[in-house]
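To keep things clear, I will list the structure first and then write my remarks on it.
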């Protein structure tokens with residue numbers, strides 16, 4: 083900012099370098115000396131793998147990105163100071179729609195736009211003073227990287243975890259590509275905001291559902307190390323339900339239809355049957371209906387296909403449906419249940435059909451009331467489930483508690499409110515009188531014995547749809563033969579490279595542009611040599627980011643995706659830092675691929691990220707900084723004025739890591755002044771470099787050593803704002819000590835100044851290096867170990883005691899910090915104010931908590 087030069091002049095000497103000059107000086111030194119390169123296999127220091135979620139190269143970064151990478155760098159620098167061999171790499175998630183759309187708009191090759199942006203972002207990150215190991219840079223759009231995406235695909239294919247099927251998918255009509263469920267936000271494409279529709283296509287999937295139980299159960303390993311909110315989001319997304327698969331016969335149809343239910347105990351309460359309109363079963367059943375119903379069903383299906391899954395499951399939408407003129411047979415009582423197609427049931431939930439129990443499910447009840455269908459109560463929620471009737475005492479006698487309402491008064495058909503609470507079974511044959519839990523177990527036993535059902539689990543999680551109908555992604559390594567066969571591309575023919583864009587129209591058109599690259603798409607079957615066609619789709623970019631943390635261990639290898647020994651040395655990632663917007667998408671897929679690689683014997687861990695930190699967002703004008711919204715402060719613009727260090731200090735001081743920051747409230751001017759004062763202190767120190775730190779101003783030494791003791795936990799709990807406040811306190815105390823007699827030659831001043839420089843390195847590295855040099859030391863301060871606190875200096879010489887009478891403070895006493903309880907009580911009794919407060923009262927009890935509290939409990 084413009085205040086920089088004036089504020090610096092007010093507080094520092096003429097020789098202080100400007101922020102840009104300081105940055106150039108020390109960044110040049112770090113580059114020349116490769117200061118932050120991770121040590122090799124012969125480095126015996128304990129290892130720490132620190133990683134930030136890698137950036138997407140959509141132009142230059144803004145201050146939202148700056149916040150993330152400042153925190154990542156602080157953690158990496160901290161562990162170096164704690165004596166660790168730190169791996170802190172950087173790369174770019176460089177495939178994807180934004181690059182392709184930008185190239186279409188400019189009539190250019192997406193490669194040009196992507197790599198120009200990478201160069202710009204790389205320059206910004208270096209100017210920010212980040213301590214990355216620049217020898218390990220990767221870009222997911224390099225053939226050297228996406229070759230291993232293809233290798234991973236083949237490995238999943240070999241294990242039966244990659245497959246192709248035709249099914250309804252989320253379709254973005256604007257970007258003309260399919261989207262995974264997670265990429266649909268409030269019914270719209272997360273990239274372009276267009277309303278998503280359903281479309282039936284043949285697509286490639288990864289069978290993540292095979293790992294559903296492990297993905298859910300292994301979250302227990304991460305309790306206390308991942309944010310609770312993220313763990314809960316993962317659990318909810320996987321959404322395991324336990325219940326039964328129940329087989330229903332359909333009149334006039336061969337073969338049973340299986341329905342999953344978490345409440346098989348309520349089978350006697352089923353009064354109708356619902357099929358998802360977009361399920362194959364619905365179309366099959368509609369074929370057997372009248373011409374009028376077939377026409378009505380087709381109209382209904384067309385409307386449903388324009389509605390998102392989120393809207394369909396909304397509880398406040400009016401219920402709609404079409405009676406298919408068919409009946410299912412209830413397996414427990416033989417009743418005929420009318421079959422309806424209704425959009426509140428999804429084709430990919432369970433088996434695409436549900437038994438409707440309107441008395442005990444609100445959505446079923448709303449549908450039943452809309453179409454005048456029967457409602458049958460089978461759980462009496464007014465009945466006690468403990469086996470005894472509760473009583474209350476009235477005039478010394480126990481009186482039974484009457485229920486708030488009778489079952490008749492709670493009839494859902496009348497009230498419109500489903501009975502979902504606990505109770506006992508009624509109208510349910512042999513289940514009558516049982517509690518819900520016992521009834522569920524008995525119902526499953528009965529179904530199993532009769533061969534009409536079995537215990538089952540269901541999941542909200544769906545298989546991972548990886549096909550994308552776009553150019554800028556990893557080509558799928560499959561060829562299709564003329565007879566409809568599928569052949570994997572052999573590993574020794576990888577990578578299947580993207581063709582040139584010359585002559586290709588990349589504009590979205592419903593099919594992949596790669597299909598029009600005739601020379602590329604026409605190939606031969608590697609098994610027979612017969613003519614064949616390459617698969618024209620590319621992979622979802624979440625494949626790229628699902629394993630990139632392992633590629634950083636061997637980023638230049640053309641022999642393996644990653645070195646197994648290096649993985650044993652470095653992985654899993656110790657500290658993973660990034661935005662909570664990836665709480666489901668990216669993290670779930672990375673966890674899945676990690677478990678697959680574990681099963682392949684390539685790694686010895688089952689969770690990729692031991693500790694996860696989610697930073698808050700940086701807001702401008704009340705909303706998240708965004709290039710599309712135009713509300714951003716560009717990263718590069720902050721490097722010269724107020725300078726990288728001032729920005730980093732201001733971000734760290736703005737609040738807890740997980741909180742959102744309003745950029746308007748961030749004070750870079752205050753940060754500049756603080757850094758200028760710190761530099762001035764380093765230049766003012768007048769004691770020799772080799773002075774022994776065992777004497778000097780006692781108060782300053784206690785503050786210095788308390789900070790040495792407290793700082794590790796502050797950093798490890800990501801309380802950077804508190805650490806900055808403590809560093810500011812230390813600067814003020816050092817300045818007062820220098821200006822108050824003992825002067826700059828006091829050994830305590832040098833001890834404090836050196837501690838300040840070393841700790842300041844994790845937040846303001848350029849300033850810290852300059853201070854370290856001013857103090858007479860060789861660079862780099864970034865590799866200097868934090869000193870240990872002297873326990874003797876952590877003991878307070880005196881303490882303040884609050885003396886209370888019946889909990890009310892009457893006076894305070896300054897006493898020796900190690901005073902004994904009896905002595906402290908005697909001092910309290912001798913105090914005049916306390917004596918007046920106790921006069922004429924009986925002391926019932928004296929509570930002494932030396933040296934903090936003495937409390938007299940009195941009567942009278």
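In my numbering, the protein residues as written are 83 to 942.
Just so it is clear, CB atoms sit at the ideal spot from N, CA and C, and this is done for glycine as well.
Around the C-beta of residue i, are 16 or more other C-beta atoms found within 10 angstroms, so that it is buried, or is it exposed?
i: residue 555; result: buried
i: residue 618; result: buried
i: residue 899; result: exposed
i: residue 473; result: Only weak support exists for where residue 473 lies, its pLDDT of 46 falling under 50; the coordinates are left without a value.
i: residue 917; result: exposed
i: residue 481; result: Confidence at residue 481 is low in this model, with a pLDDT of 49, below 50, so its placement is unreliable and no value can be given for it.
i: residue 188; result: exposed
i: residue 677; result: buried
i: residue 498; result: exposed
i: residue 400; result: exposed
i: residue 442; result: buried
i: residue 621; result: buried
i: residue 673; result: buried
With residue i and residue j assumed to form a contact (beta carbons below 8 Å), what rounded beta-carbon distance in angstroms separates them?
i: residue 538; j: residue 325; result: 6 Å
i: residue 576; j: residue 233; result: 6 Å
i: residue 842; j: residue 787; result: With 8 Å as the limit, residue 842 and residue 787 do not qualify as a contact, their Cβ atoms being about 17 Å apart.
i: residue 670; j: residue 297; result: 7 Å
i: residue 213; j: residue 136; result: Not confirmed; about 16 Å, so no contact.
i: residue 696; j: residue 661; result: 6 Å
i: residue 388; j: residue 279; result: 5 Å
Does the distance from the CB of residue i to the CB of residue j come in under 8 Å?
i: residue 729; j: residue 358; result: no
i: residue 922; j: residue 942; result: yes
i: residue 738; j: residue 159; result: no
i: residue 834; j: residue 98; result: no
i: residue 412; j: residue 459; result: no
i: residue 354; j: residue 433; result: no
i: residue 438; j: residue 352; result: yes
i: residue 558; j: residue 568; result: no
i: residue 329; j: residue 513; result: no
i: residue 714; j: residue 743; result: no
i: residue 845; j: residue 731; result: yes
i: residue 244; j: residue 288; result: yes
i: residue 769; j: residue 719; result: no
i: residue 699; j: residue 237; result: no
i: residue 857; j: residue 764; result: yes
Specify, as a first and last residue, the run of the alpha helix (DSSP H) that residue i falls within.
i: residue 668; result: 667-681
i: residue 803; result: 802-820
i: residue 163; result: 145-163
i: residue 411; result: Run containing residue 411: none in the alpha helix (DSSP H); it sits in the beta strand (DSSP E), 403-411.
i: residue 763; result: 750-766
i: residue 110; result: 101-115
i: residue 424; result: It is not in any alpha helix (DSSP H) - residue 424 instead sits in the beta strand (DSSP E) that spans 418-424.
i: residue 395; result: Neither: residue 395 is in no alpha helix (DSSP H) and is coded neither H nor E.
Could you spell out where the beta strand (DSSP E) holding residue i opens and where it closes?
i: residue 280; result: 279-288
i: residue 330; result: 322-332
i: residue 644; result: Careful: residue 644 lies outside any beta strand (DSSP E) and carries neither H nor E.
i: residue 259; result: 259-261
i: residue 562; result: 560-563
i: residue 938; result: 935-941
i: residue 841; result: Premise fails: residue 841 lies in the alpha helix (DSSP H), 829-842, not in any beta strand (DSSP E).
i: residue 382; result: Residue 382 -> not in any beta strand (DSSP E); alpha helix (DSSP H) instead, spanning 373-386.
i: residue 249; result: 244-254
So, for residue i: in the same chain, excluding its five sequence neighbours on each side, which residues have a beta-carbon less than 8 Å away from its beta-carbon?
i: residue 642; result: 636
i: residue 371; result: 379, 406, 407, 408
i: residue 928; result: 907, 936, 937, 938, 939
Leaving out five residues before and five after residue i in sequence, what residues of the same chain have Cβ atoms less than 6 Å from its Cβ?
i: residue 101; result: 725
i: residue 523; result: none
i: residue 199; result: 139, 141
i: residue 657; result: 132, 157, 693
i: residue 602; result: 581
i: residue 679; result: 685
Using a Cβ-Cβ cut-off of 7 Å (strictly less than) and excluding sequence neighbours within five positions of residue i, which residues of its own chain qualify?
i: residue 227; result: 220, 221, 633
i: residue 933; result: 881, 883, 897, 899, 901, 906
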